[in-house]
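Trainee:
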Amino acid sequence: MADAIRRSPILDAVESPAEADAILVDGCFHEAEGGGPPSPAQFPGIPWIVLSVPAGDRAPGGSFAAEVAGREAALIGETERWCVLRCAAFGEELAWSTRYETAGALYTAWQPEGAPWVAVADVVSLVERVLVSNDRWGSAFDVTGPAVVSLPSACEMLEEVHGRPVPYVQLDEGTLAEAMEQVGFDPRYAAERAGYMVWTTSEPCRALSPVLEHALGRPPAALADYLVTAARSSIAVSG
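Last residue of the sequence shown: 240 (this note's numbering), numbering continuous.
In structure tokens, the structure reads:
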């Protein structure tokens, strides 16, 4: 997302929240990576845009999605001007998964039915609209791509990256988290990533939303428009 923000004609990242005109925070933020997000109480008067997961209020208690929903509620409860964007799984997250393929197959906790994958650039464009229009404060929006794409269909797209079939192999949440730990990921991060994958490809998260098309005046980007490019970039970075 940082790259998309850097490409934005109206958004500029600053060094400190105290310098910001608005604060964009990810409710999925992994606290072990930097001590957690700032608190609205530290920066009164600054509006907040919170990225969250879909249908978190329907997530099982104690799950990662339920934790994110709790963070969302806590953040908006501390500030007067807020907007929540409950985003479908990012297509770029699926592309990131491809760097960890094993024995030529994609072993992952993404569920087979897939998700209405949303492009990071479209979400950043929506953030721009929120800030410019100034009429979306105090609201929460479901943000999705234009269509649900299954994992087998996504793997067919990824054949272009590898020049061969990429079989999809579903892992349960615990198995993926354990596998991530074995290759060096922080245990908490691994558990949260696996939980994110399972939840955002679950049935409650597959409903389509018109929010992006209405806000941007065009259909949101289809997964097929960027998955191959994003996967190649992800693999190049890992190499």
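Using N, Cα and C, we set each Cβ at its ideal position, and we do this for glycine too. These numbers come from a predicted model, not from an experiment.
For the beta strand (DSSP E) containing SER53, name the first residue and the last one.
Mentor: Unbroken beta strand (DSSP E) run through SER53: 49-53.
Trainee: Please state if the CB of ILE50 and the CB of ALA21 are separated by a distance shorter than 8 Å.
Mentor: No, these two residues do not count as a Cβ contact at 8 Å.
Trainee: List, from N- to C-terminal side, the alpha helix (DSSP H) runs of 4 residues or more that fit wholly inside the region 150-188.
Mentor: Complete alpha helix (DSSP H) runs here, min 4: 152-163, 174-183.
Trainee: With DSSP as the reference, please indicate the residues paired to ASP27 in a beta bridge.
Mentor: Looking at the DSSP assignment, ASP27 forms a beta bridge with LEU52.
Trainee: Quick test of your reading: GLY109 and LEU209, contact by CB under 8 Å. State the CB separation rounded to the nearest angstrom.
Mentor: According to the sequence displayed, residue 109 carries Thr and not Gly. The pair is not a contact, with the Cβ atoms about 23 Å apart (cut-off 8 Å).
Trainee: Please report how far the alpha carbon of PHE91 lies from the alpha carbon of LEU159, in whole angstroms.
Mentor: Each residue's alpha carbon lies about 16 Å from the other.
Trainee: Helix, strand or coil: which one does DSSP assign to ASP4?
Mentor: Note: ASP4 maps to helix in three-state DSSP.
Trainee: By DSSP, does ALA74 sit in helix, in strand, or in coil?
Mentor: Looking at ALA74 - three-state DSSP - the assignment turns out to be helix.
Trainee: Of the choices ASP187, ALA191, VAL170, whose alpha-carbon is the least far from that of ALA178?
Mentor: With distances taken between Cα atoms, ALA178 lies closest to ALA191.
Trainee: When you compare the region 56-66 with the region 94-103, are there three or more beta-carbon pairs, one atom per stretch, that lie closer than 8 Å?
Mentor: These segments do not touch.
Trainee: So what does DSSP say about LEU127, is it helix, strand or coil?
Mentor: Looking at LEU127 - three-state DSSP - the assignment turns out to be helix.
Trainee: Give every residue of the same chain whose Cβ lies closer than 6 Å to the Cβ of PRO205, excluding the five residues on either side of it in the sequence, and list them in chain order.
Mentor: Within the same chain, PRO205 has close Cβ partners ALA56, ARG59.
Trainee: Which residues in the same chain have their Cβ closer than 8 Å to the Cβ of GLY212, if we skip the five residues on either side of it in sequence?
Mentor: Per the sequence presented here, residue 212 reads as Val, with Gly not at that position. Closer than 8 Å at the Cβ level, and outside the excluded window around VAL212, lie LEU127, PHE142, ASP143, VAL144, THR145.
Trainee: Roughly how many whole angstroms lie between the Cα atoms of PRO41 and ASP13?
Mentor: Near 20 Å, if we compare the C-alpha coordinates of ASP13 and PRO41.
Trainee: Would ALA75 be called buried (16 or more neighbouring beta carbons within 10 Å of its own) or exposed?
Mentor: Exposed, since its Cβ has fewer than 16 Cβ neighbours within 10 Å.
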